[in-house]
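**Student:** FYI, in our numbering the residues of the sequence shown are 111 to 361. Right, I'll just put the structure down here and ask away after.
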Amino acid sequence: MEEKILCSVVIPVYRCEKYLAEAVRSALGQTVGSLEVLLIDDCSTEDRSGQVARGLAEQDSRVHYLRHGENRGSAAARNTGVQAARGEWVAFLDADDLWLPDKLERQLKALEGTGRVLCCTGAVFFREDGSRGDHLAQVPPLVGEGRLRYGNVIITSSVLVKREVMRQFPMERSDLQEDYIAWLKILRQYGDALGVNEPLVRYRILEGSKSYNKASSALRTWRTYRFMGWPLLRSIGYFCSYIVHGLRRYW
């Protein structure tokens, strides 16, 4: 009989040789016993990320290695992981981020009896050298689609979502805010997400990353608003709120 998996952890692997092993350890160290970790190698050739990922899979039977034949972007990597996932729930973890040991357990307990299909948590930001930043990302108890339009408070590495729901709304457009698009569509269909306002994620700020480059991130967010098909004036209002939210989040 095939082992029943409660949580599948999806980690895209691309140019992350330096941090990947630590991220995987934080996933395997969860107090939830029934889980698997899916490492999706997005054809990373600039470093040894693929070799590190394969080695981690060889060391622990809970870790599984999958590889794209060509670089397809973070959205496609996460979608590959979701399709391969066997767990009832899917959790996303970026290869440069970390979880506290009880992250998944806290979310599962909070979700019990609620009927919610998506849960996110707060996060503490830390720098590339491992030192803690000054910012804590907080989330409200409930996050609705209307609220989310004014600024994305859902950090991808904090998300726990029903597998079948994520398969219904795969991530798209890595050139935009692919995670933001998915959350908006899921909340529109299934109602509010549940927020656990505790810093259960350690979110690493890397120079050159999407989140670090503020001008590029703002442009992608604006293009995301237009992609969602909202009227121009309404999009401008959402974008102004996004700018204010971003200033609070990073400064």
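Just so it is clear, CB atoms sit at the ideal spot from N, CA and C, and this is done for glycine as well.
(1) Taking buried to mean at least 16 other C-beta atoms within 10 Å of its own C-beta, is L294 buried or exposed?
(2) How about S345 and L310: are their beta carbons less than 8 Å apart?
(3) Does D302 come out as helix, strand or coil in the three-state DSSP assignment?
(4) Is DSSP giving S284 helix, strand or coil here?
(5) For a test of the three-state rule: what should DSSP assign to T231, helix, strand or coil?
(6) Is E146 helix, strand or coil by DSSP?
(7) For G191 and L208, what's the separation of their Cα atoms in angstroms?
(8) Between L297 and E255, how many whole angstroms is the CB-CB distance? I'm expecting something under 8 Å.
(9) Measure from the alpha carbon of E274 to the alpha carbon of each residue in A133, V234, N189, Y175, then state which is nearest.
(10) Find the nearest neighbour of H245 within the set G232, R257, L252, P251, judged by alpha-carbon distance.
(11) Would L149 and A131 be called neighbours here (beta carbons separated by less than 8 Å)?
(12) Going by the DSSP bridge assignment, what does P309 pair with across the sheet?
(13) Within its chain, find whatever has a CB closer than 6 Å to the CB of D151; leave out the 5 residues flanking it on each side and keep chain order.
(14) Please say whether T266 and F202 have beta carbons closer to each other than 8 Å?
(15) Under the assumption that V134 contacts V120 (Cβ atoms under 8 Å), give the Cβ distance between them as a whole number of angstroms.
(16) To the nearest whole angstrom, what separates the beta carbons of R330 and L286, a pair I think is in contact under 8 Å?
(17) Of the choices Y260, A247, I264, L214, whose alpha-carbon is the least far from that of G139?
(18) Should A325 go down as buried or exposed, given a rule of 16 or more other Cβ atoms within 10 Å for buried?
(19) Could you compute how far the alpha carbon of C230 sits from the alpha carbon of V271?
(20) Are V234 and Y313 closer than 8 Å when you measure CB to CB?
(21) How should G179 be labelled, buried or exposed, when 16 other C-beta atoms within 10 angstroms of its C-beta is the threshold for buried?
(22) If you run the structure through DSSP and keep just helix, strand and coil, what is V172?
(23) Just the C-alpha distance for C350 and V173, rounded to the nearest angstrom, thanks.
**Tutor:** According to the data block:
(1) buried
(2) Using a Cβ distance threshold of 8 Å, S345 and L310 do not count as a contacting pair.
(3) coil
(4) coil
(5) Under the three-state reduction of DSSP output, T231 falls in the strand class.
(6) strand
(7) Going by the C-alpha atoms only, they are around 18 Å apart.
(8) 4 Å
(9) Among A133, V234, N189, Y175, the Cα nearest to that of E274 belongs to N189.
(10) G232
(11) no
(12) Residue pairing for P309: DSSP places it in a beta bridge opposite G232.
(13) V123, G160, A163, R177
(14) Inclusion of F202 and T266 in the CB contact set at 8 Å is warranted, their separation being smaller than that value.
(15) With 8 Å as the limit, V134 and V120 do not qualify as a contact, their Cβ atoms being about 12 Å apart.
(16) 5 Å
(17) L214
(18) exposed
(19) 9 Å
(20) yes
(21) exposed
(22) For the sequence presented, residue 172 should be read as Arg rather than Val. If DSSP states are grouped into helix, strand and coil, R172 belongs with coil.
(23) Approximately 42 Å, taken between the alpha carbons.
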